[in-house]
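Below is one structure; the comments refer to it alone.
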Amino acid sequence: MIGKLKGTIDHSEPDHVVVDVGGVGYVVHCSQQTLATLPPVGSEVVLFTDLLVREDLLQLNGFLTQNEREFFRRLLTVPGVGNKAAQSVIGTLGVTDSLRAISLENWQALRAAPMVGPKLAQRIVNELKNRIEDIVRADGQHSDSAQAVSGPGASTPRGSVAELRNFKAQPGVQSDAVSALVNLGYSAKDAASAVAAVARSDANMAAGEIIRDALKHLAESGA
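Numbering follows the working numbering, with no gaps: position 76 of the sequence shown is 331.
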């Protein structure tokens, strides 16, 4: 399994790039959003990858963050979701907005992605709405902390070091939930406030429940 590539963009096409790693060119298929974010040809790039293996196909898919790759893999577990549809969801909505839609059971939002009709959108919501904690790994790493791209397209994690220290002092389950939300790109302050708001009603909530309800809270508050 090829999990990550670090090399130079040798060539770019509408649906893929060729990454030169030590003289070997890897064809990496990416979403439109990822392709638009990548630096120009000749720049160094880091892409997290997933290898699709079929009887008649070997295809390497590339992602800017580990969260994108994990969400892609989860989407492929939904009956009827193929490689192109999964990339379309990620490329159109991104991980954060997709998980917001799923947590709110707003399947209509998923229809913005080409190749996703109403039945498939509803199936994605029904299959994944109770698995958000699995998708967002609360491992303390920001989704963008690996600096997946170098150059103009690179992004920076939100939340200061002081904020991160503050939420890590919270009880374990709540801290895991805040960490997961920060992984999605929310600031530590917004994430901690949302977790505190939803956990206040039930101190025994599991991390997955807190994450789901906190996403709803953040969406309703316009964060």
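The beta carbon of each residue, even a glycine, is placed where N, CA and C say it ideally should be.
What's the C-alpha gap between Cys482 and His271? Residue 482 cannot be examined here, being either before or after the span of the chain that is shown, 256 to 478.
8 Å contact criterion, which Ser346 and Thr304 should meet: CB distance rounded: Just to set this straight, residue 346 is Gly in the shown sequence, not Ser. About 16 Å separates the beta carbon of Gly346 from that of Thr304, a gap too long to meet the 8 Å contact definition.
With Leu290 as the anchor, note down where its alpha helix (DSSP H) starts and where it stops. Gln287 to Thr292 is the span of the alpha helix (DSSP H), which, as asked, contains Leu290.
Would you call the segment 308 to 326 and the segment 360 to 371 in contact, with 3 or more CB pairs under 8 Å? Because the criterion of three Cβ pairs below 8 Å is not met, the segment 308 to 326 and the segment 360 to 371 do not touch.
Same chain, Cβ closer than 8 Å to Leu313, neighbours up to 5 away in sequence not counted: The residues are Leu306 and Leu307.
When the Cα atoms are used, what is the spatial distance from Val276 to Leu331? Within the model, the alpha-carbon separation for Val276 versus Leu331 is close to 28 Å.
Residues that Arg283 bridges to, as DSSP identifies them: At residue 283 the sequence reads Val, which differs from the Arg that was named. Residue pairing by DSSP places Val283 opposite Val272 and Leu315 in a beta bridge.
Under a Cβ-count criterion, where at least 16 other Cβ atoms within 10 Å of its own Cβ denotes burial, should Val296 be classed as buried or exposed? Its Cβ having fewer than 16 others within 10 Å, Val296 is exposed.
Assigned exposure category for Met256 - 16 Cβ within 10 Å defines buried: Taking all protein chains in view, the Cβ of Met256 is surrounded by fewer than 16 other Cβ atoms within 10 Å, so the residue is classified as exposed.
Per-residue burial, Ala446 [other beta carbons within 10 Å of its own, 16 or more giving buried]: The residue is buried, with at least 16 neighbouring Cβ atoms inside 10 Å.
Assuming Pro334 contacts Arg386 (C-beta within less than 8 Å), just tell me the rounded distance between them. That belief does not hold up - the Cβ atoms of Pro334 and Arg386 are roughly 14 Å apart, past 8 Å.
Are the Cβ atoms of Leu359 and Ala462 separated by less than 7 Å? Between Leu359 and Ala462, the gap from beta carbon to beta carbon reaches 7 Å or more.
For Asp389, the nearest candidate out of Pro294, Ile466, Thr292 and Thr263 (CA to CA): Its Cα nearest to that of Asp389, the residue Ile466 stands out among Pro294, Ile466, Thr292 and Thr263.
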